Each structure stands twice: as structure tokens, then as C-alpha cells.
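For the sequence shown, our numbering gives the first residue as -2, with consecutive numbering after it. See structure below.
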Amino acid sequence: MDKKAQRIHKLFETANTASRTQWEYINQKGFDFSNDNQLSEEERLSLQEQGMPDFTINRIIPVVEMLNYYATANHPRWQAVGAEGSDSDVASVFSDLADYVWHISDGTTIYSNAVNDAVTKSTGYLLVTVDKDADRGMGEVVIKQPDPFDIYVDPKSRDVLFRDAGFIIIRKILPRNHVKKLFPDSARKISKAASLNDAIYSYSEKSLGMYRKDFSPKDITEAESIDPETGDNEDMLELSETYEKKKMKYMNVFIRIEPSKEEIAQMKQEADRQLKEMQKEMQVQLLEQEAQLKKALESGELIEERYNLELEKAQMSMQEQLNQAHQQILQEMINAKTITDNQIMVEKDFKEAIKNEEFQKTVQEAVPFFKTVIQLCCTVGDKNLYEYLLPDTISEYPLIPFHYKWTGTPFPMSAVSPLIGKQREINKSHQLMVHNASLGSSLRWIHEEGSIDTDYWERYSSSPGALLPIRPGAAPPQPVLPAQLSNAFFTTVQEGKQDMEYLAGIYSSMQGDTKTTGDMPYRGMLAMDEYGTRRIKQWMTSALEPGLRQVGEVVKQFTQAFYTANKRFRLIQPNSIQEQKEIEINVPIFNDMGEAIGKSMDYSSARFDVRVISGSTLPVNRWAYLAELKELLQFGIVDDIAVLAETDIKNKENIAKRKSVYAQQQQQISSMDEQLKDQAGTIETLERQLVQAGIKQKIMSAEVEINKKKEEVKGSMNGEFLQTEAEQKLLQGTMKKFADLEKKEISLEKKMLLKDLQLSKKDS
């Protein structure tokens, strides 16, 4: 026997405890009740022996279906937040990549099954793994949904997501040929495998034979396992996939990567060039210093010996400076080109590498630490198929649980378990009522033996108007009437139905029953729907969303580990304007020589945190949502394109394009209207200015005329004044002349008189 297979078998025996058995028994019963297998074989036979009906009134399945609907109405959505600014662009791709993984895995279907398992079996699971044969051998990250009864968790786990579990085993009982088809590379080993324990642990109490209403994988026994090649029955083997967390020692190594020889040669050439320029400068300085020393020597301040000594010192100092500068420049260039690389290495690999002297010289520091890794071991019977460590970027179990009611152990409660008692009460109540009514319509009779023909009475005693003969002299038969049921019994039946609704939190109004709502207004119904789903939202917030967040985290770890090559994928988004979206990651960057020198959108090395969008799986009242969008549109908070994106109209992208063209034309028309308004305002302003200018021109013309007239009047007045003045001057000149002439005549007469007087004196 293989030692690894033996170890896995012991782990299974350890995990298959009495608590695990009781948990599966209780939840198998809940699963059977939800599928209308509510009577065991013994209960059915007992009812038939008593002549009672063996039907059931399944009030559990509506609860299960409504819980499934609320939890899976929409597919979950994730978003990522980059740890650094450079990671933001790559982090934005994660939500698209998660949607891609979800859709290629048919995530909506498997998530619905997982939620149904959580409701009926207390726990549902999703498994993130890699299909290595997909995409032509490139591999795809996919999600699967295992049966919770096939999973055995470390009983000491206390984490809601089993992150602290020492191991998790997925154990299936499969036909040998089926296992060979799953692992064709190990067909020879599977052929030699022998079963260690191929028991199918089934704890169902449902009726068998023609009364069985559903079938589970554990109902398919070895007798129904058929070899398709021979048509004979084939033996069964247990297939176990065991995930274990292990702490491995790693080394955080800081390595100094120096430039290559070619780069150092180029640096030396550059250092020599800079040194020559420095040497020229220093020679000029030396000549200046020598000139100063000569001047001091000639002036007698220095003697010749001191002059020679100082000159020699200056030459030696220059040479030393040049040598130091050459080493400093070269070292600075080397340091600038030297890179410190950080690598994470397994301690074993580090110890082997450190033996190399060249590698040892480059190691600056090595910090030891322990890292959690996942080990997967697959066994078939007593043979080990493979055992390996998942990539070191994966630190969480790829198996994610979804609970209904977590109890702090790997054995949670289902939504159906509390309803089983009430369901039995309702079944028994209806069986009693129908049985009582049957007894009332088909009476039982007490008669003396031999007093009647029993065959005749059995045939016609319930027929209306039938004549029932009795033998002469015999006492007539007496009917046995059934006991009358109490009215409180019918009340108990109705209260039982209401109790089931209250326990489950699923009321008839949530399923469209209008009896309880009556004439309630629309907003009142919306408020009632909001209040009625609070318990469901609490369950989703505390149980489902942590699981979905863990699914996003594990998908991130798997995609970063396996999607390292250039990959392009396309998404179909029927609820978006752009119905198709293409994403490309790990895009190679080439230099001029055609060599790959790096990656754009390097997804594998990006660091970001994953979050699930809260409430993304809840159903949305489309009429209420569209009414809200309409109000927001009226307020101008959103535009018509945002409303269009949330509708189910076909060809939304073309409509959006037309809307964008119309919007552009509308903007153009609006801008032209604004231009026309501006031009109209300008014209009106110009008209007012022209009128004002005309008025001003007329005023100016009038002023000119007035000034002209004024000047003319003034000119005429000046002319008359000048003429008058000239005439006056002429008159004055004439009068002056006359006066001068008179003066001259008077002086002449005076002179003549004086002369006459003088002559007369002389004569006398």
C-alpha cells in the first residue's frame, strides 16, 4: 500500500466522526423534505396499514425556491482596488476577468446549486481550479460545484470559511473506468489500485421503489455501475482529493545586480571624457597659480626654493585630484546603473544558490520567513496519483463554503431543519382531516356474523339509493360514525402554515399573493417588500457575501498564478450599451530589434485588494428601478443613455449611437441658437448705436450750422465794427488834418500879426 494513500485514508477516518455522521443525517433529512420525500418507508407502510392517506403537503419547497431566488437573482460582481497607483489600471481589469471566469464556468448555474445546498444541506461549496486542457492546452481557471456530503473538513476548524482547517478532503466513489477517463495519464496505476473503503455512506430515510421521488449520487450503487465497453458491472473506487495548508520557509533575498562588462566599458569612456575636460580646467588653474608664484618670486616675497616646492605641490595635488575624480565619476555611474532586485526563494533553493561565490557576492540581505502554501494530494484506492504544491501565490483553500447558519464548527444548520417539525404537523393534520372525511363518506358497519352478504354490502353500501338486504330474523347492522374533529384542529392547521412562513421569513405576499396586501398602495407594497427581505439580506451579508469575497480572492490568486502569457478575452454584456467588450492582459513590449523587453498590463505582478459589490445578487424590482431612473432623469441627475443601459431593449448600442448623433446635432443647434441670439443682440445694439449716432450727427450738424451762423453774424458784426472803426479813424484823421490845418492857419496868422506888429512898431 502506498504510504501517502494510507495517510490520506487515516485522515478520512479521522474526519468521518460521529458528529459528521449526525450532521449529514440531519441535513440529508432536510434535503429529502425539500424534495417532497417526507415519509420514510416505515411511516408509509404504517399509514397504508391503517387505511390513512400517505400524501404530503410540501410547504418547504416554496421557501427553498424563494431563498434561492433572492440569493441568485443576479450574478455577483467584484471590484479591485490597486495597492499603488501603477496597479490601478491592471486592477480595473480584474472585475472583467472575474466575469470571464464566471461565465466560462457557467457560474450562475453552479452558484444556484451551491445556494440550494446551503439552504437544504446547510452548506454549499464552490471549487476554484484549473482546466489544463482548455484553450488548446493553455489552461483556463474555472469554478466547479462539489457535493457538500462528499467533503470532509478538519473537525477542529473554527473559521466561517474554514481558512484555519488543517485539511479538506473531497471524497467520491466512482467506477474504475470513470476514474481512468478523468486521469488518462495514470490509467495503468488506476488499473492496479485496490479499494480501501468503497462504502457509500448514505443516511437517507426516504421511501424506496415506486414511491421514491428523487435520486442522489449516493443512490447509484455498484449494481448500477456499468462498464460501457463490456456492458458488465464494474467495481467502485474511492477518489480522494486532499487539500492541506503547510508552512514553508522562504527567504526574502535582496540581490545587487551590477552593470555588464559592455556597460562598464562605455562608462569608462564617458569618465575619461569628463576627466579630460576637468584636466584642461585644472591645467589653466595651475598656470594661473604658477604666474602668481613667479610674481611673488620676482618681487622678492618668495625665494627660489620655496617657489619650486610650491609649484611641485600644486602639480602633485592636481594629479591626485584627477585620479580621485576618475574613480568617483566611474563609481557614481556604476552605482546609478546598479539595481537592487528583490526575490522570494524557497530556503532549499537559496541554500543551493548561495554556494555559488558569484551569487554570494551579489546578495545584500536575506530575511527568512514562513509562508502558507497549499498542497494537493490525489489518491485512488491504495494508490497515490500525484502530490504537489500549488503556486506560491495561492495561499487560501480553493474550496469556499457558503453556510446558511454557521455554528462555529464545520457542521452548520440548514434553513429546512427548523421547518421539519411544522411540516410533519401540517402533513399529519391534512392526513387526519382527509381520513376523517373518508370515514364519514364510507361508513364502517357492525353486524352479526352471517346476517348480511358482506360482498354485496362492500360493493353497494356507499351507493346512493341502494337497497341493502339482511337475512331474515337477523339484527340490522349498526354504522360506526367517526369522531368529530374539534374546530381548534382546523385553527392549528392554519397557524402551522403561518408559523412556517414566520420561521422561514418567506411570506405569501413575497410570492405575489394579494390576499394580505389587499388595496395597499404601490409605495406601501415597496416598503413592505423592503422590510420583508431584511432577514434574507442579513443572511446574505453574514454568510453568502463573505463566501463570494473569498471566491474573488481565490480567483485572483489562481488567475495571477496561471495567466502569465498574453491573453485576450471577450465579454458579452447584454445589460450594457456596449454589448461586447474585449480585454487584453500581459501585452508584450518589443524594442527596435523585435525583442520582448517587458509587459504592458502585467496582470501577474499587480497587487490589489478584491471586494464583492454588496447586494449585487439581490433581485431588483424593474418597474420601481425604472421609475426611480425616470425621476432622476427629470431632475437631471442622469441622462437618457444611463436609463437606456438599464432596459431590455434590443440594439441598445445602435440606439445610443443615434442618440449621440442626435445629441451632437442638438448641441450644434443649441450653439447656433446661441450664436443667433448673440448676433440678434449685436444687431439690436448696433441699431441703437446707429440711431444714437444719427441723432448725434444731426445735433453736430445743427451745432455746425449754429456755429456757422454765429460766426457769420460775428463776422458781419466784426466787419461793420471794422468799417465803423475805419470810418471813425478816417473821420478822426480828416478832423485832425482840419485841426492841424486850422492850427497852421492860426499860427500863420499869428506870425503875420506878430510881423505886422513888429513892422508897425518899427514904423512908429
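Heads up, the beta-carbon is just placed ideally off N, CA and C, and yes, glycines get one too. Treat the numbers as computed from the prediction; the structure is a model and nothing was measured.
### Message
Let me check understanding here. Comparing Cα to Cα, which of E742, N55, I252 lies closest to H427?
### Response
In the sequence shown, the residue the question calls residue 427 occupies position 430. Nearest C-alpha to H427: N55.
### Query
Going by the CB atoms, is the gap between T105 and H72 shorter than 8 Å?
What you label residue 72 is simply residue 75 of the sequence shown in a count that begins at 1. What you label residue 105 is simply residue 108 of the sequence shown in a count that begins at 1. For H72 and T105, yes; Cβs fall inside 8 Å.
### Message
Excluding the 5 residues flanking I5 on each side, which residues of the same chain have their C-beta closer than 7 Å to its C-beta?
### Response
Position 8 of the sequence shown, counted from the start, is the residue given in the question as residue 5. S237, T239, C374, T376.
### Message
Could you tell me the alpha carbon to alpha carbon distance between A764 and K707, rounded to whole angstroms?
### Response
Residue 764 lies beyond the range of the chain shown here (-2 to 761); nothing can be said about it.
### Query
Going by Cα to Cα distance, which pick from L205, V431, K733 is closest to D29?
Here residue 29 corresponds to residue number 32 of the sequence shown, with the count starting at 1. Ranking L205, V431, K733 by Cα distance to D29 puts L205 first.
### Task
Return the CA-CA distance between E38 and N424, expressed in angstroms with no decimal places.
Translated into positions along the sequence shown, residue 38 becomes position 41. Translated into positions along the sequence shown, residue 424 becomes position 427. Looking at the two C-alpha atoms, the distance is approximately 16 Å.
### Query
Expressed to the nearest angstrom, what Euclidean distance is found between the alpha-carbon atoms of I574 and I638?
Working through the sequence shown from its first residue, we reach residue 574 at position 577. Working through the sequence shown from its first residue, we reach residue 638 at position 641. Reliability fails at I574, whose pLDDT of 49 lies under 50, so the model's placement of it is uncertain and the value that follows must be treated cautiously. Taking the straight line from one Cα to the other gives about 8 Å.
### Query
Hey, how far is the Cα of D338 from the Cα of R546?
Here residue 338 is taken as the residue at index 341 of the sequence shown, counted from 1. Here residue 546 is taken as the residue at index 549 of the sequence shown, counted from 1. Cα to Cα, the separation comes out at about 33 Å.
### Task
Return the CA-CA distance between Q372 and D389, expressed in angstroms with no decimal places.
If you number the sequence shown from 1, residue 372 lands on position 375. If you number the sequence shown from 1, residue 389 lands on position 392. If you take the alpha carbons of Q372 and D389, they lie about 10 Å apart.
### Query
Can we say the segment 241 to 250 touches the segment 303 to 311, given the rule of at least three CB pairs closer than 8 Å?
no
### Query
What do you get for L683, buried or exposed, if any count of 16 or more other CB atoms within 10 angstroms of its CB means buried?
Reading the sequence shown from its first residue, position 686 is the one you call residue 683. So L683 ends up on the exposed side.
### Task
Measure the Cβ-Cβ separation of A471 and S439 and say whether it is below 8 Å.
On the sequence shown, position 474 is the one that residue 471 refers to. On the sequence shown, position 442 is the one that residue 439 refers to. Going by C-beta atoms, A471 is not nearer than 8 Å to S439.
### Endpoints, the alpha helix (DSSP H) within which E764 is located
The requested residue 764 does not occur in the structure, where the chain is confined to residues -2 to 761.
#### Entry: Runs of beta strand (DSSP E) wholly within the segment 347 to 387 (minimum 3 residues, chain order)
360 to 377, 380 to 386
### Query
Which residue from L179, G121, K141, S85 puts its Cα closest to that of L158?
If you number the sequence shown from 1, residue 158 lands on position 161. Answer by Cα proximity: G121.
### Task
Examine the Cβ distances between the segment 154 to 172 and the segment 405 to 423 and report whether three or more of them are shorter than 8 Å.
yes
### Message
Using only the alpha-carbon positions, how far apart do A2 and I197 sit?
### Response
The count along the sequence shown starts at 1 and reaches residue 2 at position 5. The count along the sequence shown starts at 1 and reaches residue 197 at position 200. Approximately 19 Å, taken between the alpha carbons.
### Query
Where do the ends of the alpha helix (DSSP H) carrying Q76 lie?
Residue mapping note: residue 76 aligns to position 79 of the sequence shown, counting from 1. Careful: Q76 lies outside any alpha helix (DSSP H), inside the beta strand (DSSP E) at 75 to 79.
### Query
Assuming D93 and N174 make a contact with CB atoms under 8 Å, what is their CB distance in whole Å?
Counted from its first residue, the sequence shown places residue 93 at position 96. Counted from its first residue, the sequence shown places residue 174 at position 177. Actually they are not in contact, since the Cβ atoms of D93 and N174 sit about 40 Å apart, beyond 8 Å.
### Inter-stretch contact (C-beta, 8 Å, three-pair minimum) for the segment 261 to 279 and the segment 214 to 232
no
### Task
For the alpha helix (DSSP H) holding L418, just list the boundary residues, first then last.
On the sequence shown, residue 418 is found 421 positions in, with the first residue counted as 1. Correcting the residue type first, residue 418 is Gly in the shown sequence and not Leu. Residues 417 to 438.
### beta strand (DSSP E) runs wholly inside the segment 155 to 195, at least 3 long, in chain order
164 to 172
### Task
Starting from the C-beta of L386, find all residues in its chain whose C-beta is less than 6 Å away, skip the five residues before and the five after it, and write them out in chain order.
By 1-based counting over the sequence shown, the position of residue 386 is 389. Contacts found: V370, Q372.
### Query
First and last residue of the beta strand (DSSP E) that includes P476?
Residue numbering aside, residue 476 sits at position 479 when the sequence shown is read from its first letter. Its beta strand (DSSP E) spans residues 475 to 477.
### Task
Taking A12 and I187 to be in contact with their CB atoms under 8 Å, please state how far apart those CB atoms are, rounded to whole angstroms.
Numbered from 1 along the sequence shown, position 15 holds the residue referred to as residue 12. Numbered from 1 along the sequence shown, position 190 holds the residue referred to as residue 187. Not confirmed; about 24 Å, so no contact.
### Message
Helix, strand or coil, according to DSSP, for K7 in the structure here?
### Response
On the sequence shown, residue 7 is found 10 positions in, with the first residue counted as 1. Helix.
### Query
Should R456 go down as buried or exposed, given a rule of 16 or more other Cβ atoms within 10 Å for buried?
As a first step, residue 456 is located in the sequence shown; it is residue number 459 there, counting from the start. Flag for R456 reads exposed.
### Presumed contact (8 Å Cβ cut-off) between E550 and V607, rounded CB distance
Walking along the sequence shown from the start, residue 550 turns up at place 553. Walking along the sequence shown from the start, residue 607 turns up at place 610. Contact flag correct, Cβ pair sits at about 5 Å.
### Message
Please classify Q25 as buried or exposed, where buried requires at least 16 other C-beta atoms within 10 Å of its C-beta.
### Response
The residue you call residue 25 lines up with position 28 of the sequence shown. By the neighbour-count rule (16 or more Cβ atoms within 10 Å), Q25 is buried.
### Query
Roughly how many whole angstroms lie between the Cα atoms of S411 and N65?
Counted from its first residue, the sequence shown places residue 411 at position 414. Counted from its first residue, the sequence shown places residue 65 at position 68. About 13 Å.
### Message
Considering Cα atoms alone, identify which of D182, V477, K348 is closest to A363.
### Response
One-based indexing of the sequence shown puts residue 363 at position 366. Among D182, V477, K348, the Cα nearest to that of A363 belongs to K348.
### Query
By DSSP, does E702 sit in helix, in strand, or in coil?
Locating residue 702 in the sequence shown gives position 705, where the first residue counts as 1. The answer is helix: DSSP assigns E702 an H, G or I state.
### Query
Do A111 and F399 have their C-beta atoms closer together than 8 Å?
Here the question's residue 111 lines up with position 114 in the sequence shown. Here the question's residue 399 lines up with position 402 in the sequence shown. Cβ distance < 8 Å, so A111 and F399 count as in contact.
### Message
I need the straight-line Cα distance from P474 to Q19, nearest angstrom please.
### Response
The sequence position of residue 474 within the sequence shown is 477, counting from 1. The sequence position of residue 19 within the sequence shown is 22, counting from 1. Using only the alpha carbons, I get a separation of about 54 Å.
### Query
At which residues does the alpha helix (DSSP H) containing Y22 begin and terminate?
In the sequence shown, the residue the question calls residue 22 occupies position 25. That run of the alpha helix (DSSP H) goes 15 to 31.
### Message
Can you look up T337 in the DSSP assignment and give me helix, strand or coil?
### Response
By one-based count along the sequence shown, residue 337 stands at place 340. Reduced to three states, the DSSP call for T337 is strand.
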